[in-house]
Every structure is written in structure tokens, then in C-alpha cells.
Amino acid sequence: MHIGLFSPSWPPAGSANGIVSYVSAVREQFLSLGHDVSVISHDRLHLGDGREIPIDAPRGSLDTLLTRIGRRVDRWQGDLPGVGRSVVARVAAVQRVAPIDILEMEESFGWCNTVQRATGVPVVTRLHGPFFLKPDRPRTVRERYAHRGRCRAEGRAVRAASALTAPTRAMMDVTCAEYDRPSAALNAVIPNPIAVAPERARWRLDACDRNHILMVGRFDYWKGADTMLLAFEKLLERRPAARLTLVGPDMGIETAPGHSIDFAGFAQSNLSPLARERITFTGKLLPTEIARLRKDAYVTVMASRGENFPYALLEGFAAASPMISTRWPGSEEIIVDGRTGLLTPIGEPDALAHLLDRILGDPDLASRIAQGGMQRCREHFSVQAVATQLLDFYGAVRQRGAK
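Counting in the numbering used here, the sequence shown runs from 317 upward without gaps.
Take a look at the structure:
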């Protein structure tokens, strides 16, 4: 079977994106099972044998002018219709060069529905994070208009998808209910995959810094950076030797429509001199650098206000790192609270500070949840098990299409 996978960027090295991590993991496993796998990203088709083929048609001056106009219009329309038409053209070009049997792509902007209608290629829509579930934040008039347009396009795509997968039951149920997906539609709940890290790359209690806390994620409102920083400020009252490392790009936290505050501004306005002294903000790092920090840190935190099936969490589990996460819908399907990780309420710095104080004072608990998280990866989220489920579902999609 020739499987097409749509990815927002490629190759995966250095890309801090959960969709890219997912595509990379399933691609490698599909190839190892003897399937032909191609990744479609931007204007390139990345074949399974490592070759790259350009898939953008040459453009004249008029085409270029129309493209520029289309981009301006797109900025006001959340579904980016101009980009969607470009995606359709690229998939059609792929079919002329190296026809694929089935294409899996994300739900974002509703492009999956556009591709399916325009090309006839069997499309499996993968829920990587429905936009309607993004936590509310201050928005300008243009941002609100774009948000509504994107959600409408996303809803049309979900309702019309010939096949839909989601990594958690919670995500599948809330999305189908929100967008009135027919109950008889072809759906499957299949987790995101991860490979357990080799022993040399795993966390060990006797080798970590017991005062070191790590958070991996963008500095923004959705990832809960403010919750993490305010919790750390409170933790220092009980544990002044604690230190925090934040890893991720500085996207800023919205304070009003069209206005945001960056890390430095937030720290200066909300944190004490001691807290600022005990925090290291690295910005974006390579995966190898994050892996080293994860081994050194005593505990890794995800303070997000909403997630789908985050790789920052899975990668911590796979490295046997003790993990704390906020309790967003679906988190209980990944974390067994107290056994494979610890859960804390969303947006509550006091609760997070209390939990951090608890685990910093209980090395046995840290070791127990670290091993439990790694074992859960082996049993439920392995690339072998997930690839098998996906291939079975692809087969069902093709069989239904052949009838």
C-alpha cells in the first residue's frame, strides 16, 4: 500500500511540532512493515526511499500577483482558502507523479475536506487538536472573524470526512458532538505513538538534580506558562533552592486584544527578584538538548490549558521522567493519576505549587510514576501497536470505498 502523510514541515529534525513527530513515528514503522510511504509537505513530495520531488507548478507573473492578493484575503478568513487550493493542487500533482492509495492529514483549516472533494483520494482525517477547543483569549475583531471562519471550515470537514481518527475518546466524542458528525460515520480512537528511549537516555533518580524543575512548551497562554511561573513563585516560599528551566519559543501572553507580554515583561511584572534569579528561559532547543535537560530535571511539568495528545508528555514518559500535567479533557486516558504521572487542575498555580512541593519531598513517588509512565508507553503507545491499528483502519476505509 502506498500511504501518503501530510505534514506541516519536513524533515522532522529541529521541528517543535506534534504533528511532525506523529508523522515521523508512523512513517518509520510503516516503512519497516514494507509499505511505501510518502510525506507531502509544502512544495515537496518526500518519497520513502529518501528522494524529494518538487510538486509545485511553475507560476507566471499573473499567477504570482493573484497569489499575493489571495494571501491578503486569506488573512481575514480563518480557513485560508487560498492555501487550501494550493494543497489540493499539490495532492493532484502527487497523484500524477506517484499515486497514493490513501492519504492521512490533519483537520486544520478544513483542507482535508477540500482535498477529498477535489481529488477523489481516500482521506483519513486525523484530529490533532480541533481549533474550536482552543482556550479563549483576548482577540481583535479580525482575529474573532478568522476564528469563526476556521471553526466553520473545520466543522464542515469533520462532518463530511469519510474517515476520522482521534488519539483519545474524549477528543473524538466532543468533536463529533460539536460538529454533528453522523453517528454511522467511520471513526476510530487510536493513540499517538512513541518509542521508549534507550536505557542510556532515561531519567534516573540518582543522576538528576533534585531541585530542578523543567517545563517544555511555548511561552504563551495556551501552554499555561503563566500558571507555571506563578506556581514556581509560590513554591520558592517552601523550597528556596528550587530552580526552573523553561524551554520553548516566546510567543507572548495576550493581555488585551492585539497586545501581549513576552517572558521578560511577564517576569518583571509578576515575579520576585528571587524567582527571576532561579528561572532559566532557554527559548527553542533541539530535541537532543531537551532530552539532556529532561534527564537532569527531577520533574517535568505540562501546565497547558488544553491539549490533544502532546508529544512533550509522551517523550517524558518514554524517557522515564516523572511527569506532572494539568487535567485537560482526555488527560486521564494518557495518565493514570498517581501511578504513571500526577494531574493538577488547569490554571491553578496554588494547586501546582502544592503538587510540586509534594513530589520534591517524595523521591519514592517520583521513581514510581517515572517507571509507571514508561511502562504505559510500552503497553499502550508503542509504535508497533499504533501502526497496526492505523493499518487496519486504512484497510477498512479502502474496503468501504470499494463498495
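Beta carbons: idealized from backbone N, C-alpha and C, even for Gly.
Would you tell me roughly how many angstroms separate the C-alpha atoms of residue i and residue j, rounded to the nearest one?
| i | j | result |
| --- | --- | --- |
| residue 682 | residue 371 | 49 Å |
| residue 404 | residue 423 | 14 Å |
| residue 495 | residue 587 | 42 Å |
| residue 654 | residue 435 | 48 Å |
| residue 625 | residue 331 | 17 Å |
| residue 319 | residue 631 | 25 Å |
| residue 528 | residue 467 | 40 Å |
| residue 515 | residue 334 | 24 Å |
| residue 412 | residue 535 | 42 Å |
| residue 606 | residue 561 | 10 Å |
| residue 576 | residue 400 | 29 Å |
| residue 350 | residue 487 | 31 Å |
| residue 599 | residue 610 | 15 Å |
| residue 442 | residue 675 | 36 Å |
| residue 579 | residue 601 | 16 Å |
| residue 622 | residue 668 | 16 Å |
Residue i by DSSP, collapsed to three states: which one?
| i | result |
| --- | --- |
| residue 517 | helix |
| residue 565 | coil |
| residue 429 | helix |
| residue 351 | coil |
| residue 575 | strand |
| residue 559 | strand |
| residue 544 | helix |
| residue 641 | strand |
| residue 664 | coil |
| residue 444 | coil |
| residue 599 | strand |
| residue 416 | coil |
| residue 711 | helix |
| residue 395 | coil |
| residue 622 | coil |
| residue 616 | strand |
| residue 529 | strand |
| residue 500 | coil |
| residue 405 | helix |
| residue 479 | coil |
| residue 749 | The requested residue 749 is not part of the displayed model; the chain covers only 317 to 719. |
| residue 365 | coil |
| residue 653 | strand |
| residue 490 | helix |
Report back the beta-carbon spacing between residue i and residue j to the nearest angstrom; my notes put them in contact at under 8 Å.
| i | j | result |
| --- | --- | --- |
| residue 473 | residue 429 | 4 Å |
| residue 594 | residue 559 | 5 Å |
| residue 406 | residue 352 | About 18 Å; that fails the 8 Å criterion. |
| residue 431 | residue 437 | 7 Å |
| residue 336 | residue 321 | With a Cβ gap of about 10 Å, residue 336 and residue 321 do not count as contacting. |
| residue 703 | residue 342 | 6 Å |
| residue 497 | residue 475 | 5 Å |
Based on DSSP bridge pairs, tell me the residues matched to residue i.
| i | result |
| --- | --- |
| residue 697 | The partner list for residue 697 (beta bridge, DSSP) is empty, contrary to what the question assumes. |
| residue 322 | 356 |
| residue 370 | 360 |
| residue 704 | Paired residues: none, contrary to the question. |
| residue 535 | 566 |
| residue 439 | 419 |
Decide yes or no for the touch test of the stretch 558-569 against the stretch 525-543: beta carbon pairs closer than 8 Å, at least 3 of them. yes
Are the stretch 640-660 and the stretch 608-628 touching, with three or more C-beta to C-beta distances below 8 Å? yes
Would you say the stretch 513-526 touches the stretch 666-686, given that touching needs at least three Cβ pairs under 8 Å? yes
Validate contact between the stretch 408-419 and the stretch 447-457 using beta carbons, cut 8 Å, 3 pairs: no
Inspect the CB distances between the stretch 694-704 and the stretch 492-512 and report whether three or more fall short of 8 Å. yes
Counting pairs of Cβ atoms below 8 Å between the stretch 548-568 and the stretch 636-651, do you hit three or more? no
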